[in-house]
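I have placed the structure first, in the form of structure tokens, so that the comments after it can refer back to it.
This is the structure we're talking about:
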């Protein structure tokens, strides 16, 4: 009976494997699975016939499979899972005594030496490779420093990136690599601002980096509440809570941070008349308002704009619902508050809000200058009845400023629609600022220089990261540098006074294979010699939890358009874009130690599938992707094509490419060399379609991270952005994980650090989860210290 049942099950598995294996062969894929299927069917037949040769035959098949696995993926244990797990389990079952006795009843044999020995050897081999990982790169960052400069953040954290230079570095060293294991929760605060699943956007995210200044901790929530806390106890001092505008059509319901301004600390306002709100918190909102609050009381600053609020919809022309939003912390510098903006991606083909950069007086809210990408030479304030040019590139990330040289740096991204260029005008002002880092005069907005990071962007290659400023080079020969991470994976290192590359940039040839007719494709794309562009995908790069979802991914890989680089054209049959629109780097940016001249980054490895759907006159205003009560992202109404974007994943909801999907790297900026590489994050809390809820086990595979690192002079990197709800500390020199703490919700935010009145160093992070990543949602702000 046991042989019959085993044979039936094995035959079913063999037929399913043959069915999918032949499909793979028919699209030009590997023969391996079809051959394995034949081996399974032969084994099943031999079992039905009660032939003793079934067991040695399957043992030989196991050895053949092992040889194929090693030839295809080496000793990567994660790649062994889909190729070997099912077939190994079958071998284990066949080696069990009741199967062997059923075949060798007259000999009373309960162990088959060849098959049993094969199973034991392979089990030992699997145990062995559990201790081997080919991905991490061991190394050490050196570059010691003897004295810290005084301009790095210390007691306070006064701007989104620590300072307007965006370094995400603190010279505090009270918490260091030796004592970080002693970190404990000092306090936890709950904002009470939680997502309403019936009304709020699906991408509801708590991504705020708290500021510590004025003996308060300031942060904003997804609904643009501002909370001021006691830095030592976490108790609420005051709260600004505007009426919540809940809408599922809000594409990005988030607030990444607020900014601080003090008249006493700012020379530009030294001659300003006395006014209320001498210390101010500035916030840009999801419904496109600029709000000024008294930093001591939380009350609106009446003299700023219209009773404390500037309407950022002004001079924008007709704006469709939720088409214009603010998600980043505004830049406050030289008595100005400077904002860009975010628009709905691929909602409409035209009539999208302008990407104008605007600078307002921090005291009055009066417009001081504006930089319209279509009219770059005219930065004088627009006339009250004027309108900024629509459909221009936008800068939705946080800007940076060089106070000494009076420059502001704007990381412009794409303009909607992001994946189509059929109507673009080559050589226009709009095109020269698409995906371009721009330096402007801080006082007037006058154009200084630009550097384009992507040519004719057709992939949503925005520049999402806050640029990082530092001086780079040996003592006495330092160059004023600016570092810009990009979605492609480049880290461009430029002279921040001229825009000329410090690290060489190459123009690499790319293919237009598979793109839609009439589209114009750039022949080359810029690639920095400091980059984390992922290796090209191959069929063998496909992954899964079983042979079947891996075969499904292999078949899809062979069918989809893919040119082997990040600039594969979108197509009607579907294209693999790797990295996808989440990018290698996103708004979390990087962290640098300016004295040691090193950088810490967390590049992401996720592929996406882009499919263009031809619009007809009948579907110009009709939804193609959704039901009436769900969002209509990427419809591109009134355009030539709608754009369907989805993660390149199996039917189980797991990425089709093999892990790691995220890592951390340590870079010596004096040489441009990556000294160490680590996987970060585990599979606990991973959302899948084959399990209810989230994956319960934490396998250290390397997870996508959405949020930035914090680097301190104590030699510690703090990072909580991985899709697993953990907050971790790493040794900056080696990348070794030193400490971790499981948060009550996803920590998709960049942490900050400060010293409280008790003299203790605190590390604080917002833990509220990320709707799109699927991490646990919540409303926690948690501070840690060493007792």
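Residue numbers (my numbering): 9 to 795. Virtual Cβ for every residue (Gly too), placed ideally from N, Cα, C.
- Contiguous beta strand (DSSP E) elements confined to the stretch 531 to 558 occur at 532 to 536, taking only those with 3 or more residues.
- When beta bridges are read from the DSSP output, residue 447 appears opposite 417 and 457.
- The beta-carbon distance between residue 737 and residue 711, rounded to whole angstroms, is 17 Å. This is too long to meet the 8 Å contact definition.
- Less than 7 Å separates the beta-carbon of residue 380 from that of residue 397.
- For residue 90, the enclosing alpha helix (DSSP H) stretches over residues 85 to 103.
- In this structure, residue 691 sits away from residue 561, with a CB-CB distance that is not shorter than 7 Å.
- Sequence-distant partners of residue 192 (beyond 5 residues in either direction) whose C-beta falls short of 8 Å from its own C-beta, in its chain, are 792, 793, 794 and 795.
- Between residue 294 and residue 261, the C-beta spacing is below 7 Å.
- For residue 297, the enclosing beta strand (DSSP E) covers residues 297 to 302.
- Counting C-beta pairs with one atom in each stretch, the stretch 419 to 428 and the stretch 352 to 372 have three or more that are closer than 8 Å, which means they touch.
- The three-state secondary structure of residue 437, taken from DSSP, is helix.
- Distance between residue 600 and residue 682, taken at the CA atoms: about 13 Å.
- Excluding five sequence positions before and after residue 745, the CB atoms of its chain that fall closer than 7 Å to its own CB belong to 736 and 738, given in chain order.
- Rounded to whole angstroms, the gap between the alpha carbons of residue 149 and residue 725 is 13 Å.
- Ranking 213, 394, 432 and 721 by CA distance to the CA of residue 203 puts 213 first.
- For residue 250, the three-state secondary structure derived from DSSP is coil.
- Assignment of beta-bridge partners to residue 529 by DSSP yields no partner.
- Taking all protein chains shown into account, residue 207 has fewer than 16 neighbouring C-beta atoms within 10 Å of its C-beta and is therefore exposed.
- Here residue 622 is near residue 649, since their CB atoms are less than 7 Å apart.
- Here residue 70 carries a helix assignment [DSSP, helix/strand/coil].
- Going by beta carbons, residue 15 and residue 56 fall inside the 7 Å limit.
- According to DSSP, residue pairing for residue 682 in a beta bridge involves 675.
- Just measuring C-alpha positions, the residue of 597, 371 and 695 sitting nearest residue 779 is 695.
- The stretch 624 to 632 and the stretch 589 to 596 do not touch, with fewer than 3 CB-CB distances between them shorter than 8 Å.
- Take residue 95, set aside five residues on each side of it, and the residues of its chain with a beta-carbon closer than 6 Å to its own are 73, in chain order.
- Rounded to whole angstroms, the separation of the alpha carbons of residue 46 and residue 439 is 56 Å.
- With a threshold of 16 other beta carbon atoms within 10 Å, residue 106 falls short and is exposed.
- Taking C-beta atoms as the reference points, residue 568 and residue 585 fail to come closer than 7 Å.
- With respect to the 7 Å criterion, residue 608 and residue 719 are classified as neighbours on the basis of their beta carbons.
- When the five nearest sequence neighbours on each side are left out, the beta carbons in the same chain lying within less than 6 Å of the beta carbon of residue 713 are those of 610, 670, 729 and 730, in order along the chain.
- The beta carbon of residue 12 sits closer than 6 Å to no other beta carbon from its chain once the five residues preceding and following it are set aside.
- Scanning its chain for C-beta atoms nearer than 7 Å, with the 5 sequence neighbours on each side dropped, one finds around residue 310 the residues 284 and 316, in chain order.
- Of the residues 101, 702, 77 and 520, the one whose Cα lies closest to the Cα of residue 551 is 77.
- Taken in chain order, the whole beta strand (DSSP E) runs of length 3 or more contained in the stretch 303 to 389 are 317 to 319, 339 to 341, 344 to 347, 365 to 369 and 375 to 379.
- The count of Cβ pairs closer than 8 Å, one atom from the stretch 473 to 493 and one from the stretch 444 to 462, reaches three, so the stretches are in contact.
- For residue 761, there is no enclosing alpha helix (DSSP H); the enclosing beta strand (DSSP E) has its first and last residue at 760 to 763.
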